[in-house]
Amino acid sequence: MLFHSATFLICVTALVALYWLAPWQRARLVLLFSSSLVFYGWRHWPSVFLLLGSIAVNYSLGRLLERRRSQALLALGVTVNLSFLAYFKYGRFVVDQLIHLGALVGLQLTVPRPDAWMPLGISFFTFQVIAYLVDVYRKEIPAERSLLAFAVFKSFFAQLVAGPIVRGRELLPQLHTAVPFDVARLHRGAWLVLCGLFLKVGVADVIGDYVDYAWKAPETLGINNAWLTVYAYAAQLLADFWGYSTMAVGLGHCFGLTLPVNFENPYGSASLREFWTRWHITLSVWLRDYLYISLGGNRVSKSRAAFNRLATMTLGGLWHGAGWNFMIWGFLHGLWMDLELATQGARARWPRWLSVFVTFHVVVFLWIPFKAPSMAALGTMISRLFTAQWDINTPTQTAVMTFGFLALQKPLFALVRAERADTLKPVAELALAGAMVWLLLAYGSARQDFIYYVF
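Residue numbers (our numbering): 63 to 517.
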C-alpha cells in the first residue's frame with residue numbers, strides 16, 4: 063500500500079480517529095501493530111511471517127543480552143539478522159557472480175538461485191534492530207520488556223519500509239506514554255503529510271517520467287538532454303525520498319509520536335562530509351555509530367582513518383543494493399571524502415558558494431552509477447555528457463521543474479521545517495495548501511513506488 067494512494071490516505075484517516083478514541087495506551091498499540099501488519103502484507107502477505115519471526119527473535123535476544131552481557135550472543139543476533147538480509151537481498155547477486163566467474167575459467171556451475179522477491183524494507187528494519195541489540199549490549203538502553211511495545215517499535219508502518227531508521231532510545235519510551243490528543247500536533251502532522259505528498263506526486267513523479275524515459279536509451283541523448291537527465295534525477299531522488307521521510311514524520315505526529323528528521327537541505331552542503339550530515343541523516347548516524355567507530359573511526363593513524371571512511375562508505379553503498387554500481391557509488395563517496403580531508407587547508411580559502419557548487423556537482427555526478435541499470439549504461443551516460451551532439455528538442459517542462467526545484471531548496475526546506483504555519487498567516491497557509499492540492503490533482507497519480515522501497 064503506497065503512502066500516496068487514495069486507499070492509504072482513507073485508511074490512515076480512519077486509523078487516526080480510532081487511535082485517539084481508544085481509552086488505553088495498550089489498545090492504541092494494538093491498533094498500530096495490527097494496522098502495520100496489514101500495511102506490510104498488502105503487497106506480499108507471506109512477508110508478514112518474516113517480520114513476525116524477526117520481532118520474536120530480536121525481542122528474545124534483547125532480553126537475553128540484558129541478563130547476560132555476551133559478545134557471542136550479540137554476534138549471534140547480528141549474524142542472524144544479517145543472514146536474512148544477505149539471503150534475500152544479495153543471494154542472487156552472489157550466485158550470479160559465481161556463475162560468471164566460473165564461465166570465465168571454463169566452468170559451468172549449477173548453483174541454485176534464491177527467490178527473486180525481496181521483503182519490503184528489510185534493509186531498514188534490519189539496521190534498526192541491530193542498533194537496538196548493540197545499544198542493549200552497551201547498556202545504553204534497557205531491553206524492552208513489553209513484547210507489544212517492541213513489536214510496534216519494529217513494525218510501525220510510518221517508517222517500516224523506507225525509514226527513517228529509528229533508534230530504540232528515540233521511539234520505545236514514547237510507546238509507553240499515553241499522550242493526550244493535541245489538535246495543534248495533528249495540524250502539524252497533516253501539514254507534513256501534505257508537503258510530502260506534494261514532493262512525491264507533484265515533483266518527483268513528474269520529473270521521474272522523463273528520467274525513466276531517458277535512461278531507457280541513454281545512447282540517444284544529446285549533450286544537453288544528458289545533463290538534464292542527471293540533474294533531473296538528482297531532483298527526483300531528493301523530492302521522492304524527502305517526500306517519503308516528511309510524510310513519515312507527519313504520520314508520526316498524527317499519532318502523537320516524534321520520528322527523527324531525515325533531510326536538511328543536503329544540496330546546500332559545502333563538502334561531501336557535510337552532505338552526509340544532511341542527506342538520509344539516520345543512515346549516516348547509523349554508519350558512524352555502528353560501523354565507522356567500530357572500525358576505529360579517526361582514533362587511529364591518518365591512513366587507517368582514511369581506510370575506515372572508504373570501507374564505511376563502500377559498505378554503505380552495498381547496503382543500498384546488490385550491484386557493482388552501488389559499491390562504486392559508495393567507494394567514490396569515500397574516496398572524495400578522503401580527498402576533501404587531504405585538501406581542507408586549500409579549500410578553506412574558497413568562498414562557501416564555490417564549495418557548495420563543487421560539492422553539488424560531485425553529488426550529481428555520483429548519482430549516475432547509483433541510477434545506472436548496468437555498467438554498460440553507466441559508461442554510455444558518462445560518454446554522452448561530454449561527447450554527444452546538441453539536441454534540438456529539450457523537454458521544457460522537465461527543465462523548468464528540475465531547475466526551479468533545485469534553485470528553491472533553501473526556502474522549500476524552511477517552509478516544510480516550519481511544520482505548521484506558526485510563522486505564516488492562516489490565509490498564506492491555506493493558499494499554500496490549496497496550491498499543493500491543485501498540483502496533486504493536476505499532475506499526480508499514485509503510479510510510481512517510492513524509490514527507496516527497493517532498498
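Cβ atoms here follow ideal geometry from the backbone N, Cα and C, with glycine treated the same way.
How should V255 be labelled, buried or exposed, when 16 other C-beta atoms within 10 angstroms of its C-beta is the threshold for buried?
-> Sequence index remark: in the sequence shown, residue 255 carries index 193 (1-based). Looking at its Cβ environment, which holds 16 or more other Cβ atoms inside 10 Å, V255 is buried.
CB contact flag (T464, Y293, <7 Å) | Position 402 of the sequence shown, counted from the first residue, corresponds to residue 464. Position 231 of the sequence shown, counted from the first residue, corresponds to residue 293. Yes, the pair counts as a contact, with Cβ atoms nearer than the cut-off.
Taking C-alpha atoms, which residue in V196, D274, S96 lies nearest to L77?
-> Within the sequence shown, residue 77 is the residue found at index 15, counting from 1. It is S96 whose Cα lies nearest to the Cα of L77.
Work out the CA separation of A332 and F260 for me, nearest whole Å.
-> Walking along the sequence shown from the start, residue 260 turns up at place 198. Walking along the sequence shown from the start, residue 332 turns up at place 270. Those two C-alpha atoms are separated by around 27 Å.
Straight-line CA distance for F303 to E326?
-> By 1-based counting over the sequence shown, the position of residue 303 is 241. By 1-based counting over the sequence shown, the position of residue 326 is 264. Approximately 12 Å between the Cα atoms of the pair.
If you draw a straight line from the C-alpha of A508 to the C-alpha of A68, how long is it?
-> The residue labelled residue 508 in the question sits at position 446 within the sequence shown. The residue labelled residue 68 in the question sits at position 6 within the sequence shown. At A508, the pLDDT of 49 sits below 50, so the modelled position is not reliable; the number obtained from the coordinates is stated separately. Whole-angstrom Cα-Cα distance: 8 Å.
Do the CB positions of R131 and A205 come within less than 7 Å of each other?
-> In the sequence shown, the residue the question calls residue 131 occupies position 69. In the sequence shown, the residue the question calls residue 205 occupies position 143. No, they are not a contact pair.
State the start and end residues of the unbroken alpha helix (DSSP H) segment that holds T308.
-> The residue given as residue 308 occupies position 246 in the sequence shown. 285-316 is the extent of the alpha helix (DSSP H) around T308.
If you draw a straight line from the alpha carbon of R247 to that of V100, how long is it in whole angstroms?
-> For the purposes of this step, residue 247 is identified with residue 185 of the sequence shown, where counting begins at 1. For the purposes of this step, residue 100 is identified with residue 38 of the sequence shown, where counting begins at 1. Rounded to whole angstroms, R247 to V100 spans 25 Å at the Cα level.
Under the rule that 16 or more other beta-carbon atoms within 10 Å means buried, what is E402, buried or exposed?
-> Position 340 of the sequence shown, counted from the start, is the residue given in the question as residue 402. Per the 10 Å Cβ criterion, buried.
Do the CB positions of T376 and G392 come within less than 7 Å of each other?
-> Position 314 of the sequence shown, counted from the start, is the residue given in the question as residue 376. Position 330 of the sequence shown, counted from the start, is the residue given in the question as residue 392. For T376 and G392, yes; Cβs fall inside 7 Å.
Does the beta-carbon of Q16 have 16 or more other beta-carbons within 10 angstroms, so that it is buried, or is it exposed?
-> Within the shown structure, residues of the chain are numbered from 63 to 517, placing residue 16 beyond reach of any answer.
Is it right to say P473 is buried, meaning 16 or more other beta carbons lie within 10 angstroms of its own, or is it exposed?
-> Translated into the one-based positions of the sequence shown, residue 473 becomes position 411. Classification for P473: exposed.
Distance, A301 Cα to C73 Cα = Position 11 of the sequence shown, counted from the first residue, corresponds to residue 73. Position 239 of the sequence shown, counted from the first residue, corresponds to residue 301. Rounded to whole angstroms, C73 to A301 spans 24 Å at the Cα level.
Mind checking which residues open and close the alpha helix (DSSP H) that includes D197?
-> Here residue 197 refers to the residue found at position 135 when the sequence shown is read from its first residue. Element bounds for D197: 184-199.
Tell me, to the nearest whole angstrom, how far the beta carbon of L234 is from that of F215; I am working on the premise that it is less than 8 Å.
-> Within the sequence shown, the letter at position 172 stands for residue 234. Within the sequence shown, the letter at position 153 stands for residue 215. So it is a contact: roughly 5 Å between Cβ atoms.
Measure the CB-CB distance between L113 and Y102 and report whether it falls below 7 Å.
-> Here residue 113 refers to the residue found at position 51 when the sequence shown is read from its first residue. Here residue 102 refers to the residue found at position 40 when the sequence shown is read from its first residue. Yes, the pair counts as a contact, with Cβ atoms nearer than the cut-off.
Apart from the five residues on each side of it in sequence, which residues of its chain come closer than 6 Å, Cβ to Cβ, to P431?
-> Locating residue 431 in the sequence shown gives position 369, counting from the first residue. For P431, where only same-chain residues beyond five positions count, the Cβ hits under 6 Å are N387, I390, W391, L440.
Does the Cβ of T75 have 16 or more other Cβ atoms within 10 Å, making it buried, or fewer, making it exposed?
-> As a working mapping, residue 75 is identified with position 13 in the sequence shown. Label assigned to T75: exposed.
Test: L136 CB closer than 7 Å to a CB of chain D | Of the protein chains in this structure there is only one, and it is not chain D.
Whole-angstrom C-beta distance between L397 and L380, which should lie under 8 Å = As a working mapping, residue 380 is identified with position 318 in the sequence shown. As a working mapping, residue 397 is identified with position 335 in the sequence shown. Wrong, their Cβ atoms sit about 15 Å apart, outside the cutoff.
Between the Cα of P226 and those of V198, K201, A213, Q190, spot the shortest distance and give me the residue it belongs to.
-> Locating residue 226 in the sequence shown gives position 164, where the first residue counts as 1. Nearest of V198, K201, A213, Q190 to P226, Cα basis: Q190.
Please state if the CB of F317 and the CB of Y81 are separated by a distance shorter than 7 Å.
-> Residue numbering aside, residue 81 sits at position 19 when the sequence shown is read from its first letter. Residue numbering aside, residue 317 sits at position 255 when the sequence shown is read from its first letter. The answer is yes: Cβ separation under 7 Å.
Neighbour-count burial assignment, V265, 16 or more Cβ in a 10 Å radius | Position 203 of the sequence shown holds residue 265. V265 is buried by the Cβ-count criterion.
Rank R88, Q451, A134, F150 by C-alpha distance to the C-alpha of A240 and give the top, closest one.
-> Position 178 of the sequence shown, counted from the start, is the residue given in the question as residue 240. With distances taken between Cα atoms, A240 lies closest to R88.
With L64 as the anchor, note down where its alpha helix (DSSP H) starts and where it stops.
-> Taking the sequence shown and counting its residues from 1, one reaches residue 64 at position 2. L64 -> no alpha helix (DSSP H), and no H or E assigned at all.
If you drop the 5 nearest sequence neighbours on each side, which residues of the same chain put their C-beta closer than 8 Å to that of L182?
-> In the sequence shown, the residue the question calls residue 182 occupies position 120. Closer than 8 Å at the Cβ level, and outside the excluded window around L182, lie Y102, R105, H106, S109, L222, V223, Y515.
How many Å lie between H395 and V347 at the Cα?
-> As a working note, residue 395 is residue 333 in the sequence shown. As a working note, residue 347 is residue 285 in the sequence shown. When rounded, the distance between both Cα atoms is 16 Å.
Proximity winner among L127, T308, M180, relative to R479 (alpha-carbon distances) | Indexing the sequence shown from 1 puts residue 479 at position 417. Selected option, being the one with the closest Cα: T308.
Buried or exposed: which applies to Y275, given that a residue is buried once 16 or more other Cβ atoms fall within 10 Å of its Cβ?
-> Here residue 275 corresponds to residue number 213 of the sequence shown, with the count starting at 1. Y275 should be labelled exposed.
For G330 versus G251, is the C-beta distance shorter than 7 Å?
-> Locating residue 330 in the sequence shown gives position 268, where the first residue counts as 1. Locating residue 251 in the sequence shown gives position 189, where the first residue counts as 1. No, these two residues do not count as a Cβ contact at 7 Å.
Helix or strand or just coil, what does DSSP make of M180?
-> Position 118 of the sequence shown holds residue 180. Three-state result, M180: coil.
In three-state DSSP terms, what is C73?
-> Locating residue 73 in the sequence shown gives position 11, counting from the first residue. If DSSP states are grouped into helix, strand and coil, C73 belongs with the helices.
Considering P413, what are the terminal residues of the alpha helix (DSSP H) in which it resides?
-> Position 351 of the sequence shown, counting from 1, holds the residue named residue 413. Neither: P413 is in no alpha helix (DSSP H) and is coded neither H nor E.
Among A296, N287, L492, nearest to I454 - alpha-carbon criterion = The residue given as residue 454 occupies position 392 in the sequence shown. Comparing Cα positions, the closest option is N287.
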